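For reference, the structure discussed in these notes is given below.
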Amino acid sequence: MTEIWALVGTVQQWTFEWVVGPFLFAIGEAIYLEEAFNALEGVIVGLFALIVIYLVVRPLEIWRPVERWADQRAVRTDVIYTMINHLGVVPLALFILLDPLERQFHALLDDFGMVPWTLDQTFPALQAWPVATMVIYVFVFDFFEYWRHRFQHRLTWWWSLHALHHSQTQMTLWTDTRNHLLDDVIRHVWLVTVALLVGAPPASYLLVVVLIMAVESLSHANVRLSFGSIGDRLVVSPLFHRVHHAVEQSGARWGCNFAVLFPVWDILFRTARYDRGYLPTGIMPDGEPDYGDGFWRQQVVGVVRLAKALVGRAPPSPTADAVRDAR
Amino acid sequence: MPRLVPALVGLALLLSTALVPADARAGSGNVVIVLNSGEDTISILDQTTMTEVARVPAGREPHHLMPTPDGRELIIANARSNDMIFVDPRKGGEIRRLRGIADPYQIGFSPDGKWFVSNSLRLDRVDVYDAQTYERVARFRGLSTPSHMSFSADSRYVFVSLQDSGELAAIDLTTKEVAWKVAVGPGAAGVLTTEDDRFVYVGIMGSDYVSVVDWRERKVVDRIRTGRGAHNVFLIPGDKRNVLVSNRLSSNVSIVDTETRQVVRQIPVPGGPDCLVFNADGSQIWVTGRWSHKVYVVDMRTFQVLRSIPVGRSPHGIYLHVDPTS
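Taken in sequence, the protein lines are chains A and B. Residue 327, in the numbering used here, is where the first sequence stops; the numbers in between run on with no holes. Residue 1326, in the numbering used here, is where the second sequence stops; the numbers in between run on with no holes.
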């Protein structure tokens, strides 16, 4: 692990000193050297993670695919989403948006004599146990991710955005990032809020995000892979998550297997299903089956669907009955 | 479940105990302390072997550090956790912790030892405390990203660089008012009052120069080109004429003659040089490499890097202990 961090650090330094720093200087924005250096770490870690994920997961998809498709244009669109997300475009935009808000929030707290609560400052001994602290952070984030995911399915307006993610009938390792940009914004605001609540430092936050990225890429992969009856109850597997994406489970109000990393939340809140196999993915026709077939089209359609949902004109969800029948 | 509650309470109490034991970490007292701002740790280096002998947790985002006026304690300012750790300057062990100091990014004592000033870079404010009690006596809001500071010799003014607005502000510590502000350049960073108390040098990180401010006239009287990302300015012990300037993007340290206002030498120091300290006899500087996660030891006779020492991520403030009895 130390060697990986050292490599990341070397690439970060080189890229910064030879590319990013001189570029900022050339455009007269060198006052942001520090911010750019820190942001670059996220981009490089994202790139490293993406390479590792591809090298590990892609061979699995080739080895034991659930489905084979002649035309994979839909998959190529998901690759665009992945590049935008994992290579820092969305995180960088959100950093620029959220950092001033975070600073104002902290200033406000300070005006009332309050300090943002942090786990490791409340329990300083945890700082000597970074692995244990990380495990706690991971579970806390995963808990909130589970509930965010449930709300995405439960709230009609949120489902109008999240439906894009479920509309993919050719689910692959790239599909985990197939989200409407507005949904990405909400997700990052949610995650940053959780980070503020538990006081996770930026480095820990980055590691949690990378871990989620890795497991989600694997869980969306087009691969026949289960971790066994016990393993599927410990970590989200491709089989476990495929059931969540199954056509028969789709819909705004219903569904199962919402967990991102650990199925324990589905087991605790009674939303886990282990009785289904490798099912086709997608959404049952709900009167508006067009989710767009390219990045920009999908973004536009998503906004229209959201607008309809907000004014109460969202199409009814026939899948609710269908899912009840399926149960 | 009933058995679980006392167990959890016990665990919580255990975890609430002090973080860094007060015992010596390096042992020899011959230490250099480095703040790894990107990973919330302190590296303790051995001056003789030029190696890292320990790395211990600090508070959140430690950036700058300085000894108390009596030299008995070293203050480490943790910006994000709003606290300061007082450690043994000889060995690095924690002595005490002071909470409730808002975002202490850069800190300083007035030369008369009366005032303690804390710049809150993220919260846009400067706080002035009684240096004996650390009770806050004044707060200055609306100063855009206050970064570094220096004092006038008579302790009346503290000069604070304002990073985002590119200004130098003078705060009158007698009247507790912002006396004036003057534009100095984009990304105003390190601040140094010259030995003769006539000028204030300000590193202009967003460009490649140091602004020279005649603080009595309240105007910039010169610009000295040192290198891209000119960041911090340092006195040279025993040398009243020259100062050092670290240039983060050019990756060098400039020796600047304050009489001629010319760069007399460029010392290559890789990795984004930031803060630096001299060793006891002035033959070396120890420089934090912000981008490379290393500390560089430079021989000031040959101007060559003697050693690069890997430390934690984003090393910033650095302190080298000089034993007054030695």
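Every residue gets a Cβ at the ideal spot worked out from N, C-alpha and C, and that includes glycine. Here the structure is a predicted model, which is why all the values come from computation and not from measurement.
Exposure of residue i, with buried meaning 16 or more beta-carbon neighbours within 10 Å
{"i": "T122/A", "result": "exposed"}
{"i": "L108/A", "result": "exposed"}
{"i": "L234/A", "result": "exposed"}
{"i": "P59/A", "result": "exposed"}
{"i": "D1040/B", "result": "buried"}
{"i": "A307/A", "result": "exposed"}
{"i": "P1273/B", "result": "buried"}
{"i": "V1191/B", "result": "buried"}
{"i": "E145/A", "result": "buried"}
{"i": "E1259/B", "result": "exposed"}
{"i": "S1292/B", "result": "buried"}
{"i": "I1240/B", "result": "First, the residue type needs correcting, since residue 1240/B is Lys and not Ile in the sequence shown. Counting Cβ neighbours within 10 Å, K1240/B comes out exposed, since fewer than 16 surround it."}
{"i": "S1283/B", "result": "exposed"}
C-beta neighbour in chain B for residue i, strict 8 Å
{"i": "L87/A", "result": "no"}
{"i": "F23/A", "result": "no"}
{"i": "L33/A", "result": "yes"}
{"i": "F37/A", "result": "yes"}
{"i": "T193/A", "result": "no"}
{"i": "E3/A", "result": "no"}
{"i": "F112/A", "result": "no"}
Contact with chain A by residue i, beta-carbon distance below 8 Å
{"i": "R1025/B", "result": "Here R1025/B scores only 48 on pLDDT, less than 50, and its place in the model should not be relied on; the value that follows carries that caveat. No, R1025/B lies away from the interface with chain A (no Cβ there is under 8 Å from its Cβ)."}
{"i": "L1249/B", "result": "yes"}
{"i": "L1008/B", "result": "Residue confidence for L1008/B is low, a pLDDT of 45 falling below 50, so the modelled location carries little weight and cannot support an answer."}
{"i": "S1165/B", "result": "no"}
{"i": "G1206/B", "result": "yes"}
{"i": "G1142/B", "result": "no"}
{"i": "P1273/B", "result": "no"}
{"i": "H1293/B", "result": "yes"}
{"i": "A1102/B", "result": "yes"}
{"i": "N1252/B", "result": "no"}
{"i": "G943/B", "result": "Outside the displayed span of chain B (1001 to 1326) sits residue 943/B, for which this structure offers no information."}
{"i": "L1123/B", "result": "yes"}
{"i": "S1081/B", "result": "yes"}
{"i": "P1315/B", "result": "no"}
Per-residue DSSP class, three states only, for residue i
{"i": "T175/A", "result": "helix"}
{"i": "E248/A", "result": "helix"}
{"i": "N85/A", "result": "helix"}
{"i": "R233/A", "result": "helix"}
{"i": "D1088/B", "result": "coil"}
{"i": "M134/A", "result": "helix"}
{"i": "E1094/B", "result": "strand"}
{"i": "R1241/B", "result": "strand"}
{"i": "Q104/A", "result": "helix"}
{"i": "E61/A", "result": "helix"}
{"i": "G1289/B", "result": "strand"}
{"i": "V43/A", "result": "helix"}
{"i": "A1054/B", "result": "strand"}
Span of the alpha helix (DSSP H) around residue i
{"i": "M213/A", "result": "P202 to S219"}
{"i": "L310/A", "result": "F295 to L310"}
{"i": "A163/A", "result": "T156 to H166"}
{"i": "L119/A", "result": "L119 to T122"}
{"i": "A195/A", "result": "L181 to V198"}
Extent of the continuous beta strand (DSSP E) run through residue i
{"i": "Y32/A", "result": "From DSSP, Y32/A is part of no beta strand (DSSP E); its letter is neither H nor E."}
{"i": "A1230/B", "result": "A1230 to I1236"}
{"i": "S1118/B", "result": "W1115 to S1120"}
{"i": "S1043/B", "result": "T1041 to D1046"}
{"i": "A1179/B", "result": "E1177 to A1183"}
{"i": "P1310/B", "result": "Q1304 to P1310"}
{"i": "F25/A", "result": "Counting along the chain, F25/A falls outside any beta strand (DSSP E), though it belongs to the alpha helix (DSSP H) covering G21 to A26."}
{"i": "T1351/B", "result": "Lying outside 1001 to 1326, the shown extent of chain B, residue 1351/B is not represented and no answer is given."}
Counterpart residues of residue i in DSSP-defined beta bridges
{"i": "G1203/B", "result": "V1210/B"}
{"i": "Y1157/B", "result": "D1172/B"}
{"i": "R1225/B", "result": "Y1209/B"}
{"i": "Q1262/B", "result": "D1257/B"}
{"i": "Q1132/B", "result": "DSSP output for Q1132/B lists no bridge partner at all."}
{"i": "D1127/B", "result": "S1118/B and R1139/B"}
{"i": "A1079/B", "result": "A1079/B pairs with nothing; no bridge assigned."}
{"i": "N1036/B", "result": "T1041/B and P1315/B"}
{"i": "R270/A", "result": "The partner list for R270/A (beta bridge, DSSP) is empty, contrary to what the question assumes."}
{"i": "P1067/B", "result": "L1074/B"}
{"i": "N1252/B", "result": "N1247/B and P1268/B"}
{"i": "Y1296/B", "result": "V1287/B and S1308/B"}
{"i": "L1320/B", "result": "V1032/B"}
{"i": "P1062/B", "result": "N1078/B"}
Residues of the segment 1030-1061 of chain B with a CB closer than 9 Å to any CB of chain E: list them in chain order, please.
Absence of chain E from the displayed structure is noted, the protein chains being A and B.
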